[in-house]
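Going by our numbering, the first residue of the sequence shown is number 757, and it counts up by one from there.
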Amino acid sequence: MAQTDLYIDLLKRVLANAHSPGLGPRMRYLIDCIDTSVLRPTRLERSPRDEAGAIKFDRNYFRELEHFEPEAIEGVRSDPGGRYWWEHNLSFPFTMISPARIDNVEHAVRTVVADRIPGDFLEAGVWRGGVGILIRALLESLRESDRTVWMADSFEGLPAPTHEADRGLALDANWMLPASLEEVKANFAGFGLLDDRVKFVEGYFKDTLGDLAVGPLAVLRLDGDYYSSTIETLDPLYDNVSPGGFVIIDDYGFYEGCRRAVHDFLDSRGLTPELISIDDSGVYWRK
Ligand SMILES: C[S@@+](CC[C@H](N)C(=O)[O-])C[C@H]1O[C@@H](n2cnc3c(N)ncnc32)[C@H](O)[C@@H]1O
């Protein structure tokens, strides 16, 4: 593997927190099991299993973790609600998207560069910035010096739901979702990737995206969860997407409201692109 590819491969593992067996969902799962003596049904699907299909539950492994991570273990134990877990970045420090959706971002960037599709990259809904970090690293490794990474977010979480399709989601009340601009910038800087080719668009999409001085986009990635956040991104920015550019919808499978927004938008334009499935939630199409 070329050295630049090794760099990107390692970066993806770090962004997905897949490089460290000591942290992440595996540890959370083990602690839950041990503290409650219950196998959590919501996590069963994702839990490792032995050949006979039984959940693997390894106490010795946990003891080693306790030895190396005593403060983290104590923090998690003393807060079963999970706040410590998220605030200390123990699970998904940079991105919450799946490895398949991380691979899809890489695929989109490499493809538009190879096909010479003009334009920048914009993600609407960046959380801790991991997707932008990957895109900025890919541009560096591909020696693409003329493209900018735009990161649009309130940097204080989602607004209260306004559209009826979003009612009941109440993601504005989810304390895990806000990631401040300072935190996101620090994450870019931590990888040596914070420079003037990363631009931050701070505020709610309805206030920022309509007047954004952005030119052509090679990749537009939507990850704002709500119907309103999805339509407030597609309406003002779709026309900026270059022919052959990628439109990626992270929440298509997870949220009915997001799905409806995509189809309302496409119907309003008379567009019928083939939506390509990435995993159980993400889809994309090329314009
Ligand atoms: C699910 S998170 C994004 C996950 C991120 N792409 C990642 O890689 O982990 C949703 C983000 O969208 C932002 N967001 C959602 N709706 C928004 C809106 N209408 N205006 C501004 N930001 C919004 C939230 O602040 C949050 O950071």
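Every residue, glycine too, gets a C-beta built ideally from N, C-alpha and C.
Since we're looking at a predicted model, the values are computed, not measured.
task = For the region 923 to 965, list the beta strand (DSSP E) runs that are entirely contained and at least 3 residues long, ordered along the chain.
result = For the region 923 to 965, whole beta strand (DSSP E) runs of length 3 or above, ordered along the chain, are 954 to 958.
query = With DSSP run on the structure shown, which of helix, strand or coil describes Ala908?
reply = Secondary structure of Ala908 (DSSP, three-state): strand.
request  = Below 8 Å on the Cβ atoms is my guess for Gly885 versus Phe850; work out the distance and round it to an integer in Å.
outcome  = Their Cβ separation, rounded to whole angstroms, is 7 Å, which keeps Gly885 and Phe850 in contact under 8 Å.
request  = Determine the closest residue to Val905 out of Thr867, Pro917 and Leu976, with distance taken between C-alpha atoms.
outcome  = Among Thr867, Pro917 and Leu976, the Cα nearest to that of Val905 is on Leu976.
ask   = Does ligand 1 have even one heavy atom less than 7 Å from the beta-carbon of Pro826?
value = Incorrect: Pro826 has no Cβ contact closer than 7 Å to ligand 1.
query = Is the region 998 to 1014 touching the region 955 to 966, taking contact as three or more C-beta pairs under 8 Å?
reply = Contact between the region 998 to 1014 and the region 955 to 966 is absent: fewer than three C-beta pairs spanning the two stretches fall below 8 Å.
message = For Ala974, report the span of its beta strand (DSSP E) as first-last.
response = Ala974 -> beta strand (DSSP E) spans Leu973 to Leu978.
query = Which one of Ala774, Val861, Val868 and Met907 has the shortest CA to CA distance from Leu965?
reply = Among Ala774, Val861, Val868 and Met907, the Cα nearest to that of Leu965 is on Met907.
request  = Could you tell me whether any non-hydrogen atom of ligand 1 is closer than 7 Å to the CB of Pro915?
outcome  = Yes - ligand 1 has a heavy atom lying nearer than 7 Å to the Cβ of Pro915.
Euclidean distance between Cα positions of Arg1025 and Asp991 = Each residue's alpha carbon lies about 10 Å from the other.
inquiry  = Starting from Tyr1040, trace the beta strand (DSSP E) in both directions and tell me its first and last residue.
reply    = Run containing Tyr1040: Val1039 to Arg1042, per the beta strand (DSSP E) assignment.
query = Would the C-beta of Asp909 count as close to ligand 1, meaning under 7 Å from any of its heavy atoms?
reply = For ligand 1, at least one heavy atom lies less than 7 Å from the Cβ of Asp909.
task = Look at the Cβ atom of Gly971, then the Cβ atom of Asp1035, and state whether they are nearer than 8 Å.
result = No. Outside cutoff.
task = Enumerate in chain order the residues of its own chain whose CB-to-CB distance from Arg866 is below 8 Å, with the five nearest sequence positions on each side excluded.
result = The residues are Leu894 and Leu898.
query = Hey, is Asp1036 close to ligand 1, as in C-beta under 7 Å from one of its heavy atoms?
reply = For ligand 1, not one heavy atom lies less than 7 Å from the Cβ of Asp1036.
task = Measure the Cβ-Cβ separation of Ala1017 and Thr986 and say whether it is below 8 Å.
result = Their beta carbons are under 8 Å apart, which means Ala1017 touches Thr986 by this criterion.
task = Just confirm the distance between the C-beta atoms of Val997 and Lys955, as a whole number of angstroms; I'd bet it's less than 8 Å.
result = Contact doesn't hold; Cβ gap of about 17 Å is too wide.
query = So who's on the other strand from Asp876, going by DSSP bridges?
reply = Residue pairing of Asp876 in beta bridges, as defined by DSSP: Leu973.
ask   = Sorted by chain position, which residues of the same chain lie with C-beta nearer than 6 Å to Arg953's C-beta, five sequence neighbours on each side aside?
value = So the qualifying residues of the chain are Thr904.
request  = Quick one: residues in its chain with C-beta nearer than 6 Å to the C-beta of Leu978, no 5 flanking neighbours on either side, listed in chain order?
outcome  = Contacts found: Ala880, Thr986, Thr989 and Ile1005.
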